[in-house]
Amino acid sequence: MMSKEMEALILKRHKTEKVKKKNQIPYAIIILVIASIISVSLWRNNHSYVVFWITGISFGIVLRYSRFCFAAAFRDPFLVKNTKLMRALLLSLMISTTGFAIIQYGYLKNNSMDYAHIPGMIISVGFHTMIGAFIFGIGMSIAGGCAASVLMRIGEGHVLPWVTLLGFFIGTVLGAKDYSFWYEKIIKNAKIVYFPKYVNLGIVFIVQMIVLIILYKLMIWYQKKSIKR
Amino acid sequence: MKVRDLDCLYEACPIPLIKAIKELRRLNSGDILVVHSDESCVGVAMVEWAEQNNYQVKLVETEVGEWEIYVQKP
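Line order of the protein sequences matches chains A and B. Be aware that the first sequence starts at 1, since it is given in this note's numbering, and climbs by one per residue. Be aware that the second sequence starts at 1, since it is given in this note's numbering, and climbs by one per residue.
Have a look at this one:
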């Protein structure tokens with residue numbers, strides 16, 4: 001929707017300059033060729049690297065065009081009362097819950113309950129998780145994006161996220177260096193909670209889905225409430 | 001009717017939106033705010049915010065990777 005005044009202003013500002021957009025298709029073709037060459041050479045070395053390469057590129061494309069941003073998903077409900085991305089995140093959690101329920105059901109039917117081998121990274125949760133998440137949240141808000149969107153911005157051609165990426169490298173290296181210290185002191189003592197150990201996997205799945213659906217409805221209600229004002 | 005330009009080039013994602021909302025509060029009814037931005041997310045977020053709050057809005061890509069967002073205060 002656009003008012004007449006705005007239309008006039010846009011016309012006034014842009015009638016003189018012809019569309020000077022550069023054609024970007026040649027660049028796209030060059031990058032596609034480079035990506036194909038790399039995947040062919042990866043195929044010769046290790047087949048699984050090709051899978052990582054292609055899924056990585058696909059993730060990037062999907063993130064770019066859907067503008068899916070984890071930082072915005074958690075920020076927008078508070079900042080501009082928009083829960084669209086948060087709801088998308090909840091939907092993706094629902095999908096992955098279903099997927100992991102199927103995978104873990106298949107695994108648990110044939111194997112014993114060994115946390116280290118069950119698919120889906122079953123790890124301990126404790127205060128350290130909360131503290132880490134809080135620190136990450138602060139960093140994410142200042143940097144304007146989480147790891148995925150920082151990489152996406154670099155791909156879009158921004159320069160500022162390179163600084164964030166440097167910070168990421170420093171943080172990751174420091175974290176890897178001191179991980180054993182934190183593991184011995186804190187992480188080892190935290191308890192692993194895996195609900196299917198206590199109740200049937202099916203019930204766990206249904207309860208988790210119900211919780212996610214309630215959160216989804218809550219988000220819709222929150223957005224409607226804040227618009228009316 | 002007044003036209004106010006807001007230069008938000010090189011600014012990361014939520015900042016242009018916050019600045020624009022603050023600026024719009026200061027403007028009178030019928031004034032037009034033009035936000036200049038070079039981040040793709042800003043345009044989309046701005047349009048979404050404007051439609052949610054019943055502002056007239058138009059997103060124009062002036063160059064590759066540069067946008068102007070026109071918002072009129074109702």
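Don't be surprised by glycine CBs; every beta carbon is placed ideally from N, CA and C. These numbers come from a predicted model, not from an experiment.
For a quick check, are the C-beta atoms of residue i and residue j less than 9 Å apart?
i: A73(A); j: M94(A); result: no
i: A143(A); j: A45(B); result: no
i: G24(B); j: V60(B); result: According to the sequence displayed, residue 24(B) carries Leu and not Gly. The answer is no: Cβ separation not under 9 Å.
i: T129(A); j: V150(A); result: no
i: K58(B); j: D31(B); result: no
i: T83(A); j: M209(A); result: no
i: A148(A); j: L89(A); result: no
i: I6(B); j: V34(B); result: According to the sequence displayed, residue 6(B) carries Leu and not Ile. Going by C-beta atoms, L6(B) is nearer than 9 Å to V34(B).
i: K177(A); j: S124(A); result: no
i: I187(A); j: G126(A); result: yes
i: L79(A); j: P16(B); result: no
Which chain B residues sit within Cβ distance under 7 Å of residue i?
i: S3(A); result: Q56 and Q72
In angstroms, rounded to a whole number, what distance separates the CA positions of residue i and residue j?
i: K81(A); j: V40(A); result: 46 Å
i: S40(B); j: G65(B); result: 7 Å
i: K109(A); j: I103(A); result: 10 Å
i: L174(A); j: V207(A); result: 38 Å
i: F205(A); j: I18(B); result: 40 Å
i: C69(A); j: G60(A); result: 11 Å
i: G171(A); j: I10(A); result: 45 Å
i: E68(B); j: T62(B); result: 7 Å
How many whole angstroms separate the CB atoms of residue i and residue j, which I take to be in contact at a CB cut-off of 8 Å?
i: Q52(B); j: I227(A); result: 6 Å
i: L212(A); j: T97(A); result: 7 Å
i: L9(B); j: K73(B); result: So it is not a contact: roughly 23 Å between Cβ atoms.
Name the chain A residues that come within less than 9 Å of residue i, Cβ to Cβ?
i: I32(B); result: S3, E5, M6 and L9
i: V47(B); result: By Cβ distance, chain A contributes nothing, its closest Cβ being about 10 Å from V47(B), past 9 Å.
Identify the contact partners of residue i in chain A, using a Cβ-Cβ distance below 8 Å as the criterion.
i: L17(B); result: L79 and V80
i: C8(B); result: Within 8 Å Cβ-Cβ: nothing; C8(B) doesn't reach chain A, min ~13 Å.
I want to verify the contact list: residues of chain A whose CB lies under 7 Å from the CB of residue i, in sequence order.
i: A12(B); result: G144 and L160
Residue i versus chain B: which residues are under 9 Å apart at the beta carbon?
i: H128(A); result: What H128(A) touches in chain B: nothing, since even the nearest Cβ is about 28 Å away.
i: H14(A); result: V60, T62 and E68
I want to check one thing, is the minimum distance from the CB of residue i to the heavy atoms of the ligand SAH below 8 Å?
i: T164(A); result: By its list of ligands, the structure shown contains no ligand whatsoever, and the ligand SAH lies outside what it can speak to.
Give the interface partners of residue i over in chain B, defined as CB-CB distance under 8 Å, in chain order.
i: A252(A); result: Any question about residue 252(A) goes unanswered here, given that chain A covers just 1 to 229.
Taking C-beta pairs closer than 8 Å, name the residues in chain E that residue i reaches, listed in chain order.
i: V3(B); result: This model lacks chain E altogether, as its protein chains are A and B.
Task: Segments assigned beta strand (DSSP E), at least 3 residues, entirely inside the region 48-73 of chain A - done: none
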